[in-house]
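Using numbering that gives the first Met the number 0, read the sequence shown as starting at 0 and increasing by one per residue.
Glycine included, every Cβ here is placed at the ideal spot set by N, Cα and C.
Just so it is clear, the structure is predicted and the values come from calculations on it, not from any experiment.
All remarks here apply to the structure that follows.
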Amino acid sequence: MKTPKTWFITGASRGFGLDITKAVLASGDQVVATVRSKANELAAQFNNNPGLFVVTMDVTNQQQVNQAVQASIAHFGSVDVLVNNAGYGLLAGIEEATDEEVKQNYEVNVFGTLNVIRSVLPQMRKQRSGHVINISSVGGLGAYIGWGLYGSTKFAIEGITEGLAMELAPLGIHATVVAPGFFRTNFLDETSLISSKQIITDYAGTVGAMRDFAAKANNQQPGDPKKLAAAFVKLAASENPPIHLPLGNDTLKRFRDKTAAFEQDITNWYDTITGTDHDDVAAKALAL
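Below is the structure:
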């Protein structure tokens with residue numbers, strides 16, 4: 000991969016996107032930072048750094064995405080690292096959320112990610128190098144009360160990235176899905192988090208309690224976004240990056256707890272799990 004590398008970072012105006020942009024520029028690489036509006040304000044924030052190219056783009060609009068990627072390649076010559084960061088949270092009980100609320104969350108978090116991947120990959124395939132980094136969540140490793148629908152968008156990102164990594168490996172391109180835990184960003188602010196309009200009182204002790212917890216936890220999260228940004232720079236510099244990268248002690252604990260729960264289910268249901276093959280297949284397996 001060439002030096003300096005060119006990064007394409009979606010949702011770069013704030014939160015993880017902004018912190019990653021700062022860390023990448025400090026490392027000496029170049030950044031294409033995408034925003035939905037106020038591109039000049041972001042450029043001015045970095046004193047119009049020549050290593051920063053800000054483009055206006057909505058990830059849900061494939062035409063805008065294509066134009067932004069082509070403008071970036073014309074400006075810097077390539078895209079070497081893609082960070083799919085744009086997205087937002089949906090806090091709702093499964094029954095509470097409307098179709099429109101769920102579909103819009105998928106439109107941004109899943110289909111928006113796919114739009115950018117589809118637009119960037121032709122150039123990465125041409126140069127036979129690159130790294131696609133998709134941001135998931137601790138909620139993409141294990142569901143939480145009130146976060147099941149949002150988490151399902153991140154479960155999708157986990158699966159998409161796993162498949163993508165296998166498809167791209169023969170072409171010299173890496174794919175990694177990063178699952179952050181609770182970091183002190185604006186994720187729990189009203190500007191980044193949507194709660195379902197419908198509230199069902201039967202879920203007051205579960206989903207309602209989670210809404211209260213989220214409000215109290217805002218700005219108290221354990222994760223440091225600047226340290227996360229440094230981890231992204233390290234990840235992109237690796238010659239052998241992982242497919243999965245959980246970030247944060249809370250994420251690691253969630254991953255280990257879920258793995259242990261899976262193993263316990265397998266132990267409890269082993270005979271049922273292994274007893275569903277055709278008899279001739281089972282006999283052959285025993286013979287081996």
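Neighbourhood of residue i by C-beta, 7 angstroms cutoff - its chain only, sequence neighbours within 5 removed
i: L287; result: Annotation note: pLDDT 49 at L287 (below 50); position unreliable, coordinate value reported separately. For L287, where only same-chain residues beyond five positions count, there are no Cβ hits under 7 angstroms.
i: A70; result: V54
i: I199; result: G92, E94 and E95
i: Q122; result: I72, S77 and V78
i: V34; result: A11, S12, L41, V53 and T55
i: K225; result: D18
i: L148; result: L89, A91, I93, A96, V101 and N104
Cβ separation of residue i and residue j, assumed to be a contact under 8 angstroms, to the nearest whole Å
i: T9; j: V115; result: 6 angstroms
i: L90; j: A213; result: 6 angstroms
i: V119; j: V68; result: 6 angstroms
i: T59; j: I144; result: Actually they do not touch by this definition, with Cβ atoms about 28 angstroms apart.
Residue range of the alpha helix (DSSP H) that includes residue i
i: P121; result: G111 to Q126
i: Q197; result: Per DSSP, Q197 belongs to no alpha helix (DSSP H) and is neither H nor E.
i: P224; result: P224 to A236
i: V101; result: D98 to Y105
i: S64; result: Residue 64 is actually Val in this sequence, not Ser. Where V64 is concerned, the enclosing alpha helix (DSSP H) stretches over Q61 to F75.
Nearest neighbour of residue i, chosen from the options [CA to CA]
i: G180; options: K252, G171 and E100; result: K252
i: F75; options: A22, I265, T2 and W268; result: T2
i: Y87; options: G274, G207 and I134; result: I134
i: V176; options: L246, L192, Q44 and G207; result: L246
Boundaries of the beta strand (DSSP E) in which residue i is found, first to last residue
i: N267; result: Where N267 is concerned, there is no enclosing beta strand (DSSP E), although the alpha helix (DSSP H) it sits in stretches over N248 to N267.
i: L148; result: Where L148 is concerned, there is no enclosing beta strand (DSSP E), although the alpha helix (DSSP H) it sits in stretches over G147 to L167.
i: F7; result: T5 to I8
i: H277; result: Element bounds for H277: n/a, residue is neither H nor E.
i: L90; result: G88 to L90
i: F52; result: L51 to T55
i: L81; result: V80 to N83
i: I132; result: G129 to I134
Close Cβ partners of residue i (< 8 angstroms) along its chain, the five nearest in sequence each way excluded
i: H173; result: G129, H130, V131, A164, L167 and P240
i: Q61; result: N114, R117 and S118
Distance cut-off 8 angstroms: residue i Cβ against heavy atoms of the ligand SAH
i: Q61; result: Judged by which ligands are present, the structure shown has none, so any question about the ligand SAH falls away.
6 angstroms CB neighbourhood of residue i in its chain, flanking five on each side removed
i: G50; result: L24 and Q29
i: A235; result: V80 and H130
i: T20; result: I8, A11, V30 and A32
Three-pair Cβ contact test at 8 angstroms for the stretch 98 to 115 versus the stretch 220 to 231: no
Report yes or no: do three or more beta-carbon pairs, one from the stretch 125 to 141 and one from the stretch 156 to 176, lie closer than 8 angstroms? yes
Give a yes or no on contact between the stretch 24 to 36 and the stretch 258 to 271, applying the rule of three or more CB pairs nearer than 8 angstroms. no
Are the stretch 192 to 206 and the stretch 116 to 134 in contact at 8 angstroms, needing three or more beta carbon pairs? The stretch 192 to 206 and the stretch 116 to 134 do not touch, with fewer than 3 CB-CB distances between them shorter than 8 angstroms.
Are three or more beta carbon pairs between the stretch 78 to 88 and the stretch 1 to 16 nearer than 8 angstroms? yes
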